[in-house]
Amino acid sequence: MVLIEGQETGWAASGRNGGFCAASLTHGWANGHTRWPAELTALEELGHRNLDGIEATLARYGIDCDFERTGEIDVATAPHQVNELKEAAEEAQALGVGGHVFLDRDAVRAEVDSPTFLAGLWNRTGVAMLHPAKLAWGLRRACLEAGVRVYEHTPGTELSSRRAGVAVRTPYGRVFARHVALGTNAFPSLVKRLRPYVAPVYDYALMTEPLTEEQRAAVGWRRRQGLSDSANHFHYFRLTADHRVLWGGYDIVYRYGGGVRAEYDHHPATYRRLAGHFFRCFPQLEGVRFTHTWGGAIDTCSRFSAFFGTAHGGRVAYALGFTGLGVGATRFGADVMLDLLDGERTERTELEMVRSRPLPFPPEPVRSVGIGITQWAMTRADANGGRRNLWLRVMDKAGLGFDS
Ligand SMILES: Cc1cc2nc3c(=O)[nH]c(=O)nc-3n(C[C@H](O)[C@H](O)[C@H](O)COP(=O)(O)OP(=O)(O)OC[C@H]3O[C@@H](n4cnc5c(N)ncnc54)[C@H](O)[C@@H]3O)c2cc1C
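With the working numbering applied, the sequence shown corresponds to residues 2 to 405, in that order.
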């Protein structure tokens, strides 16, 4: 088995994400329920099995990536979000989506103390926190030990069908394979017809210095859950093993033409905005310094959850469109690709979620204009008690959206 990697293992999103490893395969159960209501139970069960599988894999291969099954709290920071979270808790219970607990203002602040928190919804069982780069490097080691030949700095530039397989062109010659699984995320797919389905958007994050014991006491956070707020433009935040706070999200930056480029990796205006928001959330941490800033590309698709398929007569499989929730779901995506390459019908390949695909994004300049209007409308909804304007309501009806 051969793995080719254009740069280095884990240099892209997999090595620099927030480390929220979620059971959800659908960018949250609510998105899954809206799109595939009849499959929600199966999707939830497969997702939890997938998360358990990740935990078992870490134990089996001795991969230490600071894995902690803390769960995640969605917090309300605006009055209208309190009811939304309450309703979500009731709906989750009615639909049998387990593990969700509504926390009122005092209860959420007893977990993590911020004057901005008005309520919370704690998903206790469906999310783990981990160190993403340690995970990527650990998986690389496990692959090498299992005999996989890993060629880094080896971009695949073209696929062509051969009688018994596929040839992958690289700058150093061609790799011939019976089957090819593509995990190219936000980068231009080697199956060109897939490119309109994915828009690379940039997400940015800050990391503080390690908190002192006193600072930790001031925020509580003894159970170390991941958190995110409930706005359309949301922040995600968590503690690391060495007691830093990772604070990211809010801005989702799409650039005209949608490339993935090194110069997009930093965005000082977003860092300044994020830092301001951080101290509004945790005024008791005034004076804490940020030691790291970074960004990376996310493979947003219009339904926020991955799509799958084959090309070159079934010899090439792809999974992409994870939209900012791929740490856990990419493992499921890999299983789907293996099923498809084996030509097997499994409980995964029979899912409508797996058999269907999102609507593509329009070409430029319409794409940029559409994304711009959507982001503007999302900002307005956040400022107007969550009320979605006509544009967002039409998009919702069409099953289209823009998220990270
Ligand atoms: C800042 C940020 C925060 C995030 N936070 C979270 C989070 O908390 N939780 C979560 O679930 N998700 C999060 N995500 C998303 C998550 O990181 C991704 O969904 C996931 O890592 C995707 O994994 P991947 O292996 O498919 O893609 P990547 O990690 O992007 O890897 C794709 C690899 O393919 C290589 N490649 C591409 N094209 C070629 C080619 N032609 N030839 C050879 N190699 C090629 C690239 O070099 C790259 O290394 C975040 C993403 C970002 C950027």
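The C-beta atom is built at its ideal place from N, Cα and C for all residues, glycine as well. Just so we're clear, the structure is a prediction, and the values are computed from it rather than from any experiment.
{"Item": "Residue 73 beta carbon near ligand 1 (any heavy atom closer than 7 Å)", "Value": "no"}
{"Item": "Opposing strand residues paired with residue 62 [DSSP bridges]", "Value": "None, per the DSSP bridge assignment."}
{"Item": "Secondary structure of residue 21, DSSP reduced to three states", "Value": "strand"}
{"Item": "Sheet register partners of residue 309 (DSSP bridge)", "Value": "320"}
{"Item": "Beta-carbon contacts of residue 154 that lie in its chain and below 8 Å, excluding the five residues immediately before and after", "Value": "6, 7, 8, 9"}
{"Item": "Limits of the beta strand (DSSP E) - the one that residue 123 falls within", "Value": "120-124"}
{"Item": "Per-residue DSSP class, three states only, for residue 278", "Value": "helix"}
{"Item": "Assumed close pair residue 71, residue 227 - CB separation to whole angstroms, cut-off 8 Å", "Value": "6 Å"}
{"Item": "Residues near residue 287 by beta carbon distance below 8 Å, same chain, minus five either side", "Value": "280"}
{"Item": "Cβ pair count under 8 Å reaching 3, the segment 221-240 against the segment 155-168", "Value": "no"}
{"Item": "Residues of its chain near residue 325, where Cβ-Cβ distance is below 6 Å and the 5 sequence neighbours each way are ignored", "Value": "299, 405"}
{"Item": "Classification of residue 321 by the beta-carbon crowding that lies within 10 angstroms, buried from 16 upward", "Value": "buried"}
{"Item": "Alpha-carbon spacing of residue 14 relative to residue 327, whole angstroms", "Value": "9 Å"}
{"Item": "Coarse secondary structure for residue 338, derived from DSSP in three states", "Value": "helix"}
{"Item": "heavy atom of ligand 1 below 7 Å from residue 14 C-beta", "Value": "yes"}
{"Item": "Heavy atom of ligand 1 within 7 Å of residue 1 beta-carbon", "Value": "Lying before the first or after the last residue shown, residue 1 is absent from the chain, which here runs from 2 to 405."}
{"Item": "Whole-angstrom distance between residue 174 and residue 118, CA atom to CA atom", "Value": "56 Å"}
{"Item": "Residue 196 Cβ short of 7 Å to ligand 1 heavy atom set", "Value": "no"}
{"Item": "Candidates 345, 351, 21, of which the one nearest residue 241 by Cα", "Value": "21"}
{"Item": "Beta-carbon spacing of residue 340, residue 350 below 8 Å", "Value": "yes"}
{"Item": "Per DSSP, cross-strand counterpart(s) of residue 174", "Value": "171"}
{"Item": "Segment contact flag, the segment 50-58 with the segment 259-266, C-beta cutoff 8 Å, min 3 pairs", "Value": "no"}
{"Item": "First through last residue of the alpha helix (DSSP H) which encompasses residue 132", "Value": "Premise fails: residue 132 is in no alpha helix (DSSP H) and is neither H nor E."}
{"Item": "Limits of the beta strand (DSSP E) - the one that residue 230 falls within", "Value": "227-230"}
{"Item": "Residue 359 to residue 307 span [Cα, whole Å]", "Value": "9 Å"}
{"Item": "Given residue 246 as reference, the closest of 43, 206, 269 once Cα atoms are compared", "Value": "206"}
{"Item": "Contact set for residue 401: own chain, Cβ-Cβ below 7 Å, skip 5 residues either direction", "Value": "303, 360"}
{"Item": "Length at least 4, wholly inside the segment 180-254: the alpha helix (DSSP H) runs in chain order", "Value": "214-220"}
{"Item": "Any non-hydrogen atom of ligand 1 within 7 Å of residue 361 CB", "Value": "no"}
{"Item": "Closer than 7 Å: residue 288 CB and nearest ligand 3 heavy atom", "Value": "The model on display carries ligand 1 but not ligand 3."}
{"Item": "Buried or exposed by the 16-neighbour rule on C-beta atoms within 10 Å, applied to residue 293", "Value": "exposed"}
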